[in-house]
Each structure stands twice: as structure tokens, then as C-alpha cells.
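**Q** Chains as they are written, first to last, in the numbering used here: chain Z, 1 to 612; chain E, 1001 to 1172; chain L, 2001 to 2491; chain S, 3001 to 3484; chain A, 4001 to 4107.
Using N, Cα and C, we set each Cβ at its ideal position, and we do this for glycine too.
Computed from a prediction, not measured in an experiment: that's the story for all the values here.
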Amino acid sequence: MPQHAWIIPALPLASYALTVFVGRRLGERAAYIGIAALGLATVLAFWTLAAVGGGASAAMSVPWLRLGDWEIRMGFQVGRLEAAVLAMVTLVSWMIFIFSKGYMHGDARFNRFYAHLSLFVTGMLTLVMADNFLLFFVAWEIMGLCSYLLIGHWFEEVENARAAFKAFLVTRLGDVGLLLGIWTLAAATGSLRFADILEKVEAGELSGSLVTVAALLLFMGAVGKSAQVPLHIWLPDAMAGPTPVSALIHAATMVAAGVFLVGRTYPLFEAAPAALATVAYIGAVTALVAALIATVQTDIKKTLAYSTMSQLGYMMLAMGVGGFAAGLFHLEAHAFFKALLFLAAGSVIHAVHTQDMHRMGGLIGPLRLTGLTFLAGALALAGIPPFAGFFSKDAVLVAVHASPYRALFWVALFTAFLTAYYMTRAAALTFFGRPREREVIEHAHESPPVMTAPLLVLVVPTALFGFLGPWFQAFVGGHEAHGAEAAPVQALAIGAAVAGILVAWAIYGFRALDRRTAIRLLKPLYVLFKEKFFFDHLGLAVARLGMLLSLAVGAFDRLVVDGLVNGVAWLVLLIGRGARALTAGSAQAYALVMLAGVVIGLFIYQVLGRVG
Amino acid sequence: MNWPLVAFFFLAGVTLYSAYRVVVDETITHAALYLAIAFVGVAGFYALLGADFLAFVQVLVYAGAVMTVLLFTIMLSDIREVRGLKLPLFRRLTSPRWGAVPAALAAGLAALLLAAFAGSALLAGPEGRPVGLGELARALLTTYLVPFEVASVLLLAAMVGAIVLSKGEGER
Amino acid sequence: MLSLLIFLPLLAAVPILLLPAGREQEIKRLATAAAAAPVLLVALMWPGLGAGGPGFLYEVRVPWVPSLGIEYHLGVDGISFPLVALSALVFLVAVLASYGIRERVKEYFALVLVLEAAVMGVFTALDYVLFYLFFELVLVPMYFLIAIWGGPRREYAAIKFIIYTMAGSLLMLIGILALYFHTGANTFSIPEIARRAPELVPPSWRLWVFLALFAGFAVKVPVWPLHTWLPDAHVEAPTPISVILAALLLKMGTYGLVRITHPTLPEAAREFAAALAVLGVVNIIYGALAAMAQRDFKKLVAYSSVSHMGYVLLGLAAGTAAAVNGAVFQMVAHGLISAMLFLLVGVFYDRTHTREMERLHGMYLATPTAGVILAFAGLANLGLPALPGFVAEFFTLQGVMQVGTGFFTRIAYVTVIGIVFTAAFNLLMMHRVLMGRPREEFAALPDATPRELATLVPLMAASLLLGVWPAVIMRMTNGPVSEFIRILGGA
Amino acid sequence: MQLANFLLILPEITLSAAGLVLLLVEAFLPAERRERAVEVAGVAVVGALAALATLWKTPANAEGLGGMIWSDGFGLFFRTVLLIVLVMVTLTSVEYVVRHRLPVGEFYALLFFATVGGMLMSVSGDLIMLYVGLELLSLSSYALVGLLRQRETSLEASLKYFLNGALASALLLFGLSLLFGLTGTTSLREMAALLGEGALSWLGAAALVLVAAGLGFKLAVVPFHLWVPDTYQGAPTPVSAFLAVASEGAAVAAILRAFFVGLGPWRADWSELLAVLAVLTMTVGNVAALHQRNAKRLLAYSSISHAGFILAGIATGSATGFSAAMFYVLAYAFMNVGAFAVVAALANQGEGEELDDLAGLARREPILAFLMLLFVLSLLGIPPLAGFWAKLYVFRAAVDAGRIGLAVAVALNSAVAVAYYYGILRAMYVAPAAAGRAETGVAAGGAMQIGLALAAAGVLVLGLFPEMFIGWVTTAAGLAGLAP
Amino acid sequence: MPEAGVPVGYFFAVSTLLFSLGVFGALRRTNPVAILMSIELMLNAVNINFVAFSRHLGAADPVRGPMFAIFVITVAAAEVSLGLAIVLALLRRRRSADVNEFDALKG
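1. Based on the DSSP secondary-structure assignment, which residues constitute the bridge partners of isoleucine 3069 of chain S?
2. Between the alpha carbons of alanine 2392 of chain L and alanine 2322 of chain L, how many angstroms are there, rounded?
3. Count the other CB atoms, across all protein chains shown, that sit within 10 Å of the CB of aspartate 69 of chain Z; report buried if there are 16 or more and exposed otherwise.
4. Between the region 4072-4096 of chain A and chain Z, which residues of the former have a C-beta closer than 8 angstroms to a C-beta of the latter?
5. Mind listing which residues of the region 4007-4025 of chain A have their C-beta closer than 8 angstroms to chain E's C-betas, in chain order?
6. If you run the structure through DSSP and keep just helix, strand and coil, what is leucine 331 of chain Z?
7. I need the straight-line Cα distance from glutamate 199 of chain Z to phenylalanine 2408 of chain L, nearest angstrom please.
8. Less than 8 angstroms between C-beta atoms, sequence neighbours within five positions excluded: which residues of the same chain meet that for threonine 3068 of chain S?
9. Are leucine 218 of chain Z and glycine 263 of chain Z touching if we call contact CB-CB under 9 angstroms?
10. Between the C-alpha atoms of alanine 2444 of chain L and proline 2020 of chain L, what's the straight-line distance to the nearest angstrom?
11. Between the Cα of leucine 3464 of chain S and the Cα atoms of S:Ser3414, S:Ala3220, S:Gly3047 and S:Phe3388, which residue gives the shortest distance?
12. Give the C-beta separation of isoleucine 142 of chain Z and leucine 119 of chain Z to the nearest angstrom, bearing in mind that I take them to be a contact with Cβ-Cβ under 8 angstroms.
13. Please classify arginine 425 of chain Z: is it buried, with 16 or more other beta-carbons within 10 angstroms of its beta-carbon, or exposed?
14. Mind checking if valine 3329 of chain S is an interface residue toward chain L, Cβ cutoff 9 angstroms exclusive?
15. In whole angstroms, what is the alpha-carbon distance linking asparagine 3005 of chain S and tyrosine 1046 of chain E?
16. For leucine 4018 of chain A and asparagine 4044 of chain A, what's the separation of their Cα atoms in angstroms?
17. Strictly under 9 angstroms for the Cβ-Cβ distance: is leucine 2025 of chain L near chain Z by that measure?
18. Along the chain, where does the beta strand (DSSP E) that runs through serine 61 of chain Z open and close?
19. Spell out the partners DSSP gives glutamate 2356 of chain L in its beta bridges.
20. Short of 8 angstroms Cβ to Cβ, which residues in the region 583-607 of chain Z face chain A?
21. Nearest CA to the CA of threonine 1027 of chain E: which residue from E:Ala1157, E:Met1075 and E:Glu1135?
22. Would you mind reading off the limits of the alpha helix (DSSP H) that contains proline 2063 of chain L?
23. DSSP three-state call for phenylalanine 76 of chain Z: helix, strand or coil?
24. CB serine 3016 of chain S to CB phenylalanine 3107 of chain S, shorter than 9 angstroms?
25. With a Cβ-Cβ cutoff of 9 angstroms, do isoleucine 2285 of chain L and glycine 2310 of chain L count as a contact?
26. Using a Cβ-Cβ cut-off of 8 angstroms (strictly less than) and excluding sequence neighbours within five positions of proline 4066 of chain A, which residues of its own chain qualify?
27. What does DSSP give as the partner residue(s) for asparagine 2987 of chain S in the beta ladder?
28. Using a Cβ-Cβ distance under 9 angstroms, would leucine 3210 of chain S count as near chain Z?
29. Could you tell me the boundaries of the beta strand (DSSP E) in which tyrosine 2072 of chain L lies?
30. Where do the ends of the alpha helix (DSSP H) carrying methionine 1159 of chain E lie?
31. Need the endpoints of the alpha helix (DSSP H) that threonine 3183 of chain S sits in, please.
32. Using a Cβ-Cβ distance cut-off of 9 angstroms, determine whether glutamate 613 of chain Z contacts chain L.
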């Protein structure tokens, strides 16, 4: 099967094309195209995974372009890493395709939604399988495009369009770093293929500084895509898109592509310790900052968005401290339970038509299935055994602990505490306590099966994937992280999680501490978190600066450059006026000029000595 | 006593003074009469240089024919020079009050030409000789036959032009 | 074959002029047929190009003015043929897009066909005088097309365009003559002079001759700061003419660099490379910034051309295989993309009679199909992968990096600023024009008509094809480009 | 002196005789039939052409008539050009002459005399011949300019031309007298031999400046150009065309002869002087033209700038520049006569001569407008029209001689010229017709049509097939004593 | 010292001064007839030159100088008659004698 793996991304691509060209005639039935394609893709992906597990692997490429003597081939490779991610992506996507059928019902651009979603999955699958940087980048950008289009799905509201704009532009900022990194590496090695480049890196053929620079540049791309500080500001806004989009793109798959990039080019980072340290620190800061902000969010999707960011920081942190396998493990696990959480949140929003958690409460009643699955996801995210999140987060913590970065371990641990805290807070506000707004709860109905079924399916990996942890990490070829220290770390992790749950429950469940009092007490911190550490302000300032610069250039162009051109024309006309004034009509004046010409001519020749 | 030299200076004085009066005399009739004197002076130079025939032609054509035409025109047209003072810049530069510019140009021209002459050596050929009428006539009808014929066409053209232009509109 | 490309449109202009003015239908049909013929010819010639090695194909060579060594000499290679093909396509599209012309129809179509002949001539001429002839001939119909059928400031824009380009091309003529004399073979043949010039042009002359030729081409490209004719001309010209201007006329400048200046004066080109690279970068960044400052839709697109042509300059300056192939590819890519964008500007202008982006918002809702195509074009302009602009820019900058000197590496680092601003202004444009809800008076606009789609869809299809499979073009360009680099390398 | 020698100037003799006949016809025909004189003029021109044709068969380098006449290839070239101009001017003037009630016989007689003068200038081998030819051209021209008697401006133009012209010829004569003083000869060939390799003396420089002024006046060289716009504007339009082309052409012939042959040894000195004058001339002509609204005045300034271009060719002092100037005159003859003829065609219909009067011409009279387009583009130097090759030739000469500055000046000036030439095109094609005259057609008479067709054909043939003409001027230049 | 006993330079000086006086008059006089007269002075100066140079140099052909002068005189006569005709024609329309008053054509 692996050698035919190219069929997997081809399926959603076909679905995209079909949906675009014949979708309009099918109406909402067009969704079945995508669902069918994704179903088939999922089956194939798992088949491939099985085959790869059995020791097979595949790579295939076709000649694409010839520049001078440089032959560029396009191709894919499927090894263990790829197969694992493929399986996850197809499965989650499939579920979300199914879910969307219900969620997007009645939407004006239902078909377009499915088309873009299909294209997105194509991009993600291509990205995973790409055997070279060029194809990788193409896929990377296609995902970015789909993200843009889907965030702006409801572009009638300018706010949504603005969010899409912001998402594209901010990630583009990272992309140029990625591009530079690709160019640097390709220029140094003469190839765009991962295999060739990494081989040269591992053989130490490239200079240390070049490797460091290249790694940092690549990481810049990852920072943008994976919403790491400081290029994270687009992700919370991206929640303007339909919730399934948030689930798929902005939680499970695309945002993880940055982490995947680091994983894909891991030998490069390993060869550049400074770059790796940067990854670790950025990851840690992101994890902490995002978690802190998440604690004060009132929008259910925003809470989840910051949580995603925080978890991505976790993954980066793991990568940065050498926990390659742990990072990827967390990536997969996170994809499952975060998709679940988002879909459940989507189900809630579908039911109550609001995203404000303060307007909810007690929804566990009418939305029992949704509530329970949400809880499962929340527990997984909080890191409570036996859910997947526990194992994957634990693997990360162990990796950090094993590294020389002591401080980062405590940061990570504190983040784990915060994670448990804000998830409990969200669950409590949404599903428990008494309903705060009567009409919200009265109109709430459980979602149709087409939406709840995917939730139930996703609960399975959320609950069970964790047990595959050791196998998975070995499978993707990481180092065995479980050492002697694993046990105390596990204990600390569980302790942090439980503490977080308890604190949150104390405030939001038992109301042992009045929320407002807490806010009053921690006023400066509250403002800091609420204002998201002022990163948005910073971003806005940069954007304004850019706009100002462009206006300045525009004015310069009009006034100075074009002014110069028109000035020359004006000058010529002026000289013309002068030349014309000579012909004033008086014949005698003409004679005078003539004679003056002669006398000046004689003068030049004789007095100025142009004659020997 | 070098009589030719005396004659030369006399002629030069008369000619140049007359020329000066031609240029400056406000009364056009006077100017015309001075012009006749200058023409005769120039004829004197020709005679001094041994070109007797040319001197004859000069008197005949210039002092005779040209002067007659000039005087006729002046009589016919009753021209008086009007010298306005509120004139545009270019005309002011040429008006008597500002006559400095024409004067400067003329003086500059004279100075530069004289300096040029002083600064260059003419070919020192063998001394020339005066040319007789017969020789001139023969040349005119042989070597210079074409220019001679052309000159007659030229006179014809000038005559036709003069007639056509002086005829009033509508007269044919 | 090539002569037909030039003379078919030219001759077709005659019956069009002779038809009575009232028979617009026939005039349009005839013009369309005349513009379609070159497309067919190009299709017929395409297989012959194969994997175009060095050397010229389909050559025609007849002495014209033997005493001065001037020949009627045409030929195409892998570099010029894609541009010929692009011209054929764009002119057909432009003719189709011109059906809406109401005034003085027959003169209009006749002029467009004359223009086509001249443009084809520029891209196929292999004799300097012939090249110059077509180069100048382009200006004549262009003047009228802008000055008669243009916008409110059309006359200013037209005369500015003409004077500007004429000044440049006359300097170029001096350069050509200097080459002619220094090579001393009494020939104006472009390849022949290129063969001789490196040895025969004295070193003290090289840079000056180069600069004289460059001046002519730089105005056309346009190289900053000689670009200010472009926004005026593009904005005032009627839509199909803006399309031709942006898609083809700008290419004449860069084509001149590829065909003439660099291969003929490789030494000077090397000396000038750094300056050219800097100019390229200035074009890229300055153009993008200026585009971003525009409120007028069409002006934005115009400045975007300034930005995109910078890549071509940069690629040529770098002179590596990837960079030069990328630069040549960019010519075609920008031709397709800018054509689409200008057509779309026209599509929206025809409906709303405004080009103020502030007033246009919500077009996605008002005209969904046109909106989608604008998004497509805008994203292509932004350099999105799987579209040709990306391929061109990627390989151009890849090539710049491959030069390996610190200078060019830094150039690449600076250039990416331009990429960010390019993204910014394109997104801003799409945001302003497409997003939100339309104004009330624009709520019930008709969507794109079949005729408009007929102009846009071929361009979209070509873009997609080239974006996914750039080898379609690069297969041809690679051979000549390798030769180009060999010469530039001084081997 | 044999009679056969007079065959060398058979065309001139024919034309002069024809002029006399015309005067007689004018005098003796009854008033209502005087316009038949036009037919006589036509026959005479054909006769002159035939006479010229006989010369093509005679030995190319015939010298005769006391050394006054050099009927060489060079002379033949310019005489041919002048006769072609005469043919075109005759054809395009018929209607104008009749409609404006010019005296038919005198008009054509004077036109023929002027042409004879110009032709003699181009074949003269002696300063005396040159001077007499020049004066014949000048005097006839002064009269021709004033022939439009119902307009005072015509006489005013005549007076200005006359006063300035007389002064200029006095300057020229003084210069010639200095040359005579330096060499003792009036024969151009002997002069060259006598000047030898000697450096330019002060007196020589003075002579150079004065001769340049005197001949430059005819060619409309700045600063001796100020009469040109006034005269061209005031003169009857066919006369303006004649002055702009034939008179300038004859001046070019005289300058080429005088400077390249007679003053050949001073080439280095005069080429600098002429280069400065050339740049000055083209620049002043161009920038002043930018402000013109009158079509004839505009064409006058354009003539000045073209004089600068021609002078630039001459100023290179090279054989290439020599033939460049010749080719330029040839090309210029067709395009400029054509342009003036279109203006005349408009004037025949009672239209004005302002640019605004051209408005909407493309609609009223598309063929006339198209011809004007052709002429203007050729004047502008757009390939492949005659003007392009002329300009290319000048460029070639300048670059070949290493005078890059001169070439750049020509280039920049050509760019400036775009503005006003396109102004004409703008008026015809872009500007809407003024109210009230939207659809009045301008029908051109038969002779005018033939004349215009001839001019257009010249512009096109010269443009598309320049080879044979280049060969012609190269040979002709070689026969004037300059190896190509 | 030529046979005439007067150095050629003297003649040249006279002719130059005469010529310059003519120039002065041509630029200064506003009456067209007076301008014409001034120009005649210039032509006379030229003729002095021709004759004097011819005599001084004794060039191969002594006829040339006087011959030139004869032609100049002839032409001058023709010129005067034509010029005066133009002046008269103009004066018939307008009673101004200032050549500068005629400025309908300008610019």
C-alpha cells in the first residue's frame, strides 16, 4: 500500500474538484462526496499505517523541472512518522466532515465550505507526505489559504474577514522565514529533498553557523503556523471561522504543522543547539502565556484556542529539549482530544447560539452526550489518567525534566496546573451550576446524530490513545524517554492537574471564592491576561507602522518621483517660452540676435582662443 | 608726397563720414543724399585701386539707378521715422535712447574683424595688376557666362516680384 | 510562420478600416478571427520548440538594407517563444474584452491589431534595427488607444508614456549604433553582434553602451525611478489596453535585457549586476509599498506590476540557472496574472463605475463568480503556490541565494520584506473589494457574463497549468538560459 | 566653350524658359483664361524632369562652363530632389493658387526661378556662382512670400524675410570676401588646395563664422532662425513648403559644398562650430514648437529642429555625416511637403490654420488625416518611415564620429518633439470637432491628390526600401570628392 | 606696398568700418528704407574688399575680384528694387514707417 499512498491526498483533491464543479447542483448532498472521499482515505491511511508498521516504507518521485543542470523532482515518502500522522489526520478530518454536515446545515455557502475543507485536507496530507521542501511549502501555503478562506467563511461580517486577513498576514510573516530557510538550505546543498539535505547535515558538511541560521529561519515558519509567541496573535481571532474549521485547522492539524516541520527537519535542529534552545524557550513561553490568558477568557472557543496555543507550546518545548518522540506523541494525542473538545463546543454553540460561557451553565442537562464527551476531552487536556492527555503530557514533562533546562520544567508543570484550572473553569461555567440565562437553556437541544456520532468516535482515541504511548514513541523513532525519573514526574504532573481542577472547582463549582473578589485582588494580573499581554496592541502598532510607511512611499512617489518628472517637463516648457520670446515679431530684433550670434561666434574663436 | 595715400585718406574720410550720416541722420532725405556721397567715395576707392570700369559701374548703378529708386520711394511714401518710447524690451534695445546695443555690436564686430586681420598674414602673392575693361568683358562672356545669364534671370525675377507686389490687390 | 504572426494581424487591420463604421458586428468578428489566428499559429509551432536548446527556430532571414547590414531577420528560441505565445493569448483575450467598446469601433480594433503585429515583431526580431522598429511602432497605436479611449486624464497619461519611452528608446538606439560600429562587421544581427561584442567593444565603452541600452529597456520595465508613467498610463487606458500594457509591454523591457544587453555585453552586465539587483529589490519593495498606499483599485494593480517586474531584474542580476529561469518564467507569470487583474478591475468598473476600493466592498456577495476569480487572481498575485507567480518568485530567489556571495544573500533577505508587503496589499485589496456587504446601490449587480468569463477562464487555466507544471515553459527556457548563463559567466 | 556644355544645365535652362513663357502667358491671355497657365507650368515641370533625365546618361562627373558648374552626382542628387519638390509643390499648390487668387503666371514663374537658383547652388563650383544662385533663390522667395496680397501678414512676412535676408547675405558676402582675401580664388577646389594643411588663421575663423551665419540663415540655424516662423506663417502655404524644403535643401547643398570641399582643410574647426549650432538649433526649434497653436508656425519650428538634425549630420565632418545630411534632405522633402500640403488642403476649404481647426479631421476627412499621420510620424522618426532612416543615418554618423554628445542631444530632442507632433495627431484624432463643423468634408482637388499621394509614396518607399536611396546618396557623396 | 601706394590693410580697415557702420544702421534705423540703405553700405564694404584683395594678391586670375564686385552690384540693384516694392506695398496699407510696427506675426 505505501507506494500507492499518493492516492490518499488525491481523494480529497478529487472531492474538492467535484464539489467545486458539480457541487452546486447537488445542494447539501455535496457533503457526501467529501465524507466518502475522506472515509476511503482514512481506510487507506490506516492500511498504510499497518503496512508501515509491518516494516514497509515507500518513496516515489517524478521529474518536475530542470533548471540548468539541477533536476528537481516531486515526490512523496511514507515512513513511520508520515504514516502515523496520516492516519490521525484522515481520521480526525473524516469525523469533522461528518460533523459539519449537521453543523453547517442551511449555510449559504455550504458547498464552498466543503470544497475548501477538502482542499485543506489535501494540503495537510501532501505536507505530511512531501519528500521535498518545495512540495512541503506548497502544501503549507495551501493550508494557509484554506485557513484564510474558512476563517473568512462568513465574510459578510467585516470582523470575520479581518480575522482571516490577520491570520494570513501574520502567518505569512513566518512563511518568509521558512522560505529563506529553504533557500539557504537548498543553495547550500543543491537539493530541495529532505533526505539529501538532512544527509548532508548529519554528515556535517554544512557549516555550523549556516545550519543554525537555517534552523532558526525554518523555525520562524513554524512559529507563525503553530501560533507561537510572538506570531500567535492570529489564532484566537481565527475562531471567527465555523467551529469545525477551528477543530480541524486551528486545533488538530494545521497548527500542528509547525511542530511537524520541526520534527521533519529534526536532525538539522539537533545539529544546531542554539536553535534547539530557542525552540524550547519559545515553546515554554508560549505554553505559559497562552495558559495564563486562557484563564480569563469568557468565550468558549477562545478558551480552547488559547489552550491549543498553550499545548502547541508544549509540543515545541518537547522538541526543543530533545523530546522528539514526546512532542509528536503529544501532537497526535492533542489532535484527538482537542478536535473532540472543539466539536463538542461546536455542538454547544449549535444548540445555544452563543459562545459566551457566562451566558451558559447547566447545559449538562439538555446536552448530555455533548457534555460528557466534552468532559472526556477536558480531562484529557487537563492530564488526568487514563486519558491520552495524561500520557502525552507526561512524556513531554519527562523529556523536559531530562533536559538541562530546569526552569522550563517548572514552567511546564505550572502550565499543566493552569491547563487543568481553565478547563475545569470552562466545563463548570458551561455545563454545571444553574443556568444563567433562561432562554438560552430553554432552546437548547441535543445535536442530531450526525454531529454526536463523530464526538463518540473521537472519544475512543481520546480515552485510549495514551496507552499506545510507548509503542508510538518507539514507532516514530524517538528516544526512550521513560527512565528512572519518570515516576516522580508523573506524580508531580498528576498533582498539578488535580490541584488545578480543585482550585477551579472551588471558584466556579462551589463558589468558595467569589470570582469578582479574585479579580479585584489580582487586578493588574487580570488586566494583563485579559489584554493578552498586549500582544495584539503590539501587532496593531506594527501594522500601523507598515501602513504609514506605505502611505509615505505613496506620497513620495506622487510628489517627489513623479514631481521630478513633471518638473523636467515644466522646465522644458519654460525654456520653450524663453526661446519663443525671442520671436517677438520685430524684424529688427531678429537682426540684432543674428548679429549678436555672429559677434559672439567671433569672440569665442578669437578672444577665447579656439584658434591656434 | 605719396599722393595715392593722400587720396585714400581723403576718400576714407568722406566715405566714412557720409556713411555715418546715413546711419544717424534723422531726416531720411538727407540720409539718402549722404548715401550717394558714400557711393561716390567708394567709386573713388575703385579708381584708386585701378578698377576704373568698376568705378564707372558704381557711379552708374549706385549713385544713378539705386539712388533714383530710393529717392522716388521716399518721395512716394512720405516716410518719417517715428520713435516711440513706450516700447517693448527688444525695441527699446534698438531705439536711439538705447542705441548702445547696436553700437556695441557694431563696434565689437569692427574690433574683432580688425584684430583678426592684424593677427593673420595674408598670402603674399605677386603684386596684382589692374584689369582692363576688355578683359573683364571677355571673362564675363566666357568663364562667367552662366552667372551672367543667371544674373539676368535674377533681375527679371526681381522685376516681376516688384511689379506683382506693387500692384494692388485685384489689379491684374 | 513568424512573418505570418506579424503580418496577419497587420493585414487584417486593413479590411477592418475599410468596412463601413456601422457594421460593428462584422468588425468585431473579423478582429477576433485575426487575433485568434496567432493563437493557432503558436499552437502549431509549439511542438517544434521541443526542449528548446540554444539557437533559433523558425528563422526567416532576408536582406533588407544590405549596405547598412540590416536584415529582415526573425526567429524564436525558448526564451522568446513563451512570450510570443503569451502575446497571442493576451491579444485574443484583449480583443474579446473589447466588445464593449462603443466609440469608433473600427479604428479601435484596427489599432489593436497593429499593436499585436508590433508586439509580435519585438519578440521575434533578431535584427537590431528591426527590433527597434517594432519597439517604436508599439508606441503609435498605444498612444491613440490610450488617448482616445482612455479615462479622464488620458491625454496626459498617453503623452507622458510616449515621451518617456521614446526618450529611453532613442538612447537605446545610440547604444545599438555604438555596438554596430565597434563590432565592425556591418551587421545589425542581434546574435551576430552578441558573438562579437564581448571581444570587440573596448572596455571603456562597455558600461556606457550597456547603460544606453539599459535606459531604453529600463523605462519599459519600468525600473525605479523611471516608473511613474506606468500608473498613469495603466489607470487611464481602457481595460483591454491596460491588459496589453501590463502583460506584454512591460515584458518588452525585460526581454530586451535578456535578449540584448546581457548576452551582448556580459562584462558590463557583471559589473552592473549589483546595481541591477539593488534596483530590482527597490522595485519589489517600493512597488509593493506604493501599491498598498493606493485607494484606486487600478492604481494598486499598476504598482503591483512595478513590484513584480523587480523579480525579473533581480533574477537577471543573480545570473544563476534557477534565477534566470525564474525571471523568464516571471515574465509569463506576471503576464497572465496582471492580465487577469486588469480585466477584473474592468469587470467591476463596468458595473459600479468606480474604482475606489472604499466604495466597492462586498463584491463577493454582489457578484460571486467575479469575486471568486478576483480572489484567484489576487492570490496568484500574492505569490500563492500552485500558481505561476510563486514558482517564478521561488526560483528567482532560490537562484539569488545560490549565487552564494554575502551580497546576494543579503539581497534575498531584504527582498522578503517585499513578499510580506505584497501579501499585505493583495490581502488588503481583496479585503476591501470583496469582503463585507455591498453598498445598497451595488447589491443587485449582474454577475460575470459569459463573454467576461471567456476572457478570464483561459487565463486562469493557463495560470493553473503553469503553476502546477511549470516545465511547460521552463522546458523551453532552460536550454537558452543555460547558454545565457554560460555567456554571462564569461566562458 | 562648347554648346554641349550648356546641356549640363539643361534643366535650369528649361525651367527659366518656362518661367518666361509663363510670364508671357500671364500677360497675353485674357483674364478669364489665365488659370490655364497652370497647365503650362505642368508641362514645364515635366520638361525639366526630362531634361534632368538626360543628365543621368552623361558622364557622372562633368565639369564645365568655366568651372562654374559641377554637374556631378552630388549636384544631380540635389537637383533631382529640388525638382521632385517642385513637382510636389506645383501639384499641391494649384488649388491653393486659384482659390486664393494669387497671380498664376507670376507665382509659377517665380517658383521656377527660385528652383533654378537652388539647383544652381547645388551644382556651383565657384563662389560667384554660388552667390548668384543663392540670390536668385532668395529674391524669388521674398516675392513669393508676399504674393498673398489680400493678407497683410503675407507682406509683413515678406518684409521681415527680406530685411533679414539682405543682412544675412551681406554677412555671407563679407565672409566670402575674406575667403577670397585669404586664397585669392573663388573656385572651391582651388580654395581647398590653397588653404592646404594650414591651421585656421584668425581671419579664417572670422570668415568661417560669417559664412556659417550667411548660409545658416537659409538653413534656419539658430540664432539666425527668427525669420522662419513669421515667414512660414505669413507666406502662402505652398511657398512655406517650398521654403522649408527646397530652400533649406539648397542651403544644405551649399553648406556641404562650401564646407566639405572649399573649407575641407578646416574640417576639425568648423565641425565643432557646427556641432554647437546644431545642438542649439534643434533644441530651440523643439522647445519653442511646444507652445505653438498655429499649424504652419508649428511646422516652421519643426523645420528649425530638423535643420538642427541635418546640421548634426554635417557637423560630424565625416563622409557618413555628409551622406546622412543628403539622405535627410531627401526624406525631409517628402514628409514636410506632405505636411504643409495637408494644411494647404484645409486652407483651400476656408479652414483656418490653427491646430484647433484640425480638430476632428479624422472623421471629416479620414484619408487626409491618415496622410498627415504618416507625415507627422515620419517627421518624428518612427520606423519604418522615411524620417526614421534619416534620423538613423544621422545617429550613425554621430556615433561613428565619436560625437556621442551630439547623438544624445538628437535623442533627447526627438523625445521632446514627441510632445508637439503628437499634439497634431491629438488634434486630428483625439479632440472632438468644434461645434458646427462636425461633418463638413474637405475635398481635395485632383492635383492635390496626386501631390499628396506622391509625398506619401515617397515617405513609404523611402521607409520600406531605403537601400537604393542609401546607395544613391553614398555614391553621390563619393562623387562630391568624398570617399564613402 | 602695392603699386597704388596704399597698404591693403588700409582698405580693409575702411571696409570694416564701413561694414560696421552699415550693421549699426541696420540695427538702429527703424525705417525700412534706411535699413536698406545701411545694407547697401555693407555691400559696398564687401566690394572694396574684393577689389582691394584682388589687387593686392594678384592671384592667378585678376578678373575674379572685380567680377565678384560686379555681380554684387547687380544683385544689390535688384535687391533694392524688390525691397522697395515690398516696402511700398506695405506702406500703402499702413502709414507706419517703423519696421517694428509690423508684428502681427510673432511667437
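**A** On the basis of the coordinates in this document:
1. S:Gly3064 and S:Ser3124
2. 9 angstroms
3. exposed
4. none
5. Val4008, Gly4009, Tyr4010, Phe4011, Phe4012, Ala4013, Val4014, Thr4016, Leu4017, Leu4018, Phe4019, Ser4020, Leu4021, Gly4022, Val4023, Phe4024 and Gly4025
6. helix
7. 26 angstroms
8. The sequence as given places methionine at residue 3068 of chain S; threonine does not occur at that position. The residues are Ser3124, Gly3125, Asp3126, Ile3128 and Met3129.
9. no
10. 38 angstroms
11. S:Phe3388
12. 7 angstroms
13. Label assigned to arginine 425 of chain Z: buried.
14. no
15. As the crow flies, the alpha-carbon of asparagine 3005 of chain S is around 34 angstroms from that of tyrosine 1046 of chain E.
16. The alpha-carbon atoms of leucine 4018 of chain A and asparagine 4044 of chain A are separated by roughly 8 angstroms.
17. Per the sequence shown, the amino acid found at residue 2025 of chain L is glutamine instead of leucine. False, the Cβ-Cβ gap to chain Z never drops below 9 angstroms.
18. 58-67
19. L:Asp2296
20. Thr583, Ala584, Gly585, Ser586, Ala587, Gln588, Ala589, Ala591, Leu592 and Leu595
21. E:Met1075
22. First-last for proline 2063 of chain L: 2057-2065, but that is the beta strand (DSSP E), not the alpha helix (DSSP H).
23. strand
24. Between serine 3016 of chain S and phenylalanine 3107 of chain S, the C-beta gap is not smaller than 9 angstroms, which leaves the two residues out of contact.
25. yes
26. Counting only Cβ-Cβ distances below 8 angstroms, and skipping sequence neighbours, we find Phe4050, Val4051 and Ser4054.
27. The question about residue 2987 of chain S has no answer here: the residues shown for chain S are numbered 3001 through 3484.
28. yes
29. Tyrosine 2072 of chain L -> beta strand (DSSP E) spans 2070-2076.
30. Looking at the DSSP string, the run of the alpha helix (DSSP H) that includes methionine 1159 of chain E is 1145-1166.
31. 3152-3183
32. The question about residue 613 of chain Z has no answer, for chain Z in this structure spans 1 to 612.
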